[in-house]
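Everything on this sheet refers to the single structure shown next.
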Amino acid sequence: MTQNMDKELSHRDLFDGTVYEKSSQNEFDKVSNTLRSTTKRVLGKILNARTVNRLVLTFPTVPTYYALVKTHKIPRRVDLRDATKEDIKTRPIISSCGGPSDRISWFLVKLLSPLLQHVAAHIANVDEFISALNQCELPEDVCYASFDAVSLYTNVNNGEAIHAVLELLRVHHNEVHTFGLREDDLRELLVTTLGCNIFQFDGEFYKQKRGLAMTLRISPLLAVIYLDRIERRSLVTGILFYKRYIDDVFVIGSTASDLHTMVENLNSCDPNIRFTVESPDDSGSLPYLNTKVQICNGKRDTKPHHYEGEDLQSSFARGGRKYKANIGRKRLHDIQAQLMAPFFCHGRYTTGTTIRK
Numbered sequence: 001m002t003q004n005m006d007k008e009l010s011h012r013d014l015f016d017g018t019v020y021e022k023s024s025q026n027e028f029d030k031v032s033n034t035l036r037s038t039t040k041r042v043l044g045k046i047l048n049a050r051t052v053n054r055l056v057l058t059f060p061t062v063p064t065y066y067a068l069v070k071t072h073k074i075p076r077r078v079d080l081r082d083a084t085k086e087d088i089k090t091r092p093i094i095s096s097c098g099g100p101s102d103r104i105s106w107f108l109v110k111l112l113s114p115l116l117q118h119v120a121a122h123i124a125n126v127d128e129f130i131s132a133l134n135q136c137e138l139p140e141d142v143c144y145a146s147f148d149a150v151s152l153y154t155n156v157n158n159g160e161a162i163h164a165v166l167e168l169l170r171v172h173h174n175e176v177h178t179f180g181l182r183e184d185d186l187r188e189l190l191v192t193t194l195g196c197n198i199f200q201f202d203g204e205f206y207k208q209k210r211g212l213a214m215t216l217r218i219s220p221l222l223a224v225i226y227l228d229r230i231e232r233r234s235l236v237t238g239i240l241f242y243k244r245y246i247d248d249v250f251v252i253g254s255t256a257s258d259l260h261t262m263v264e265n266l267n268s269c270d271p272n273i274r275f276t277v278e279s280p281d282d283s284g285s286l287p288y289l290n291t292k293v294q295i296c297n298g299k300r301d302t303k304p305h306h307y308e309g310e311d312l313q314s315s316f317a318r319g320g321r322k323y324k325a326n327i328g329r330k331r332l333h334d335i336q337a338q339l340m341a342p343f344f345c346h347g348r349y350t351t352g353t354t355i356r357k
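Take 1 as the starting number for the sequence shown in full-length UniProt numbering and just add one per residue.
In structure tokens form, the structure reads like this:
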């Protein structure tokens, strides 16, 4: 893929006025200073000055945008060397490492991650999924499918996500050590952290108007708990098994009607959150994370699964020299796994296969 096409694909996403708008260096400096002063004031109540200063950056790096190609979405008929913009779908990645909200985001993750144990559907890795599936008692006749939340991060309602986290914290406050921070303090830190959402691409400044920046450390936790709130409102009595890794759901119901009702309920809670459905193939196999699941007469079989596009490599010319570009969903998961390392286990098969996202 040429540099020109990469820019065109990125600009295509950035021109979505519902998610992004143009910004400036002055605006970046303004929100950075606001976050810095808020962090010092709020954390200064509970931590010494030296510790607080380690959680702020006087000269932060401007986060950078890049587009990650969804190789698994490229039609089979298309050779990567001949792919056009219309053939390629991308994920928006904003590299927040060294950015103004990076360190305080890390602190908030450390603080709030114990809440994840109270998200009933949440799984941290493929081993947890297989263990839960094997422990579930199933009748002989069931229906199963996977749901996927479309473009979850950029479609999360940030205010509602913060509310969901604080609501869960209120219920389980005895199990979370907040170091003396009150609910209002945490709300202010979360709001200000997410409000520091200006980044740069190709020399231009942009602001993310809606949703979470995918590589911000606190984003996965907020997304997981926000979807939990939606799921609690959507569950129906016929659902026998429901587990989710970030935005990928595996669900088993007594009937196909139960699954249909469940996804309809999920899609009615937030106008920006939409779930798609994947059903088993003719043999009854359904890929989920790094597994292929088959359920028949109450018996379940899980096998390691290799996704098409995961190892797609293509040679491109740059300056008369060829290089290999390994672009796929596996890289996306590697990014997420690093961000979630403080509170998620990085699940692996004994073969060394990393969980897919």
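The beta carbon of each residue, even a glycine, is placed where N, CA and C say it ideally should be.
Taken in chain order, the unbroken stretches of alpha helix (DSSP H) that lie wholly in the segment 215–296 and span 4 residues or more are 219–234, 256–266. Inter-segment contact for the segment 198–211 and the segment 242–253 is absent: fewer than three beta-carbon pairs are separated by less than 8 Å. Shortest Cα-Cα distance from Asp6 to any of Asp185, Phe201, Asn297 involves Phe201. Nearest Cα to Ile225 within the set Val109, Leu259, Ser23: Val109. Secondary structure remark: continuous beta strand (DSSP E) runs of at least 3 residues inside the segment 154–204, in chain order: 198–201. Per the coordinates, the alpha-carbon of Asn272 lies some 19 Å from the alpha-carbon of Val165. About 13 Å separates the Cβ atoms of Phe28 and Ile94, ruling out a contact at the 8 Å cut-off.
Here Asn290 is buried. Its C-beta has 16 or more other C-beta atoms within 10 Å. Residue pairing for Thr64: DSSP places it in a beta bridge opposite Ser95, Gln200. In this structure, Ala213 is the residue among Ala213, Ala149, Leu181, Cys143 with its C-alpha nearest to the C-alpha of Thr193. Residue pairing from DSSP places Asp301 in a beta bridge opposite Gln294. Excluding the 5 residues flanking it on each side, Ile123 has same chain C-beta neighbours closer than 6 Å at Phe129, Lys243, Tyr245, in chain order. The three-state reading of DSSP puts Ser146 in strand, counting E and B together.
Taken through DSSP and simplified to helix, strand or coil, Val42 comes out as helix. Contact check between the segment 169–182 and the segment 259–272: fewer than three CB pairs, one atom from each, fall below 8 Å, which does not count as touching.
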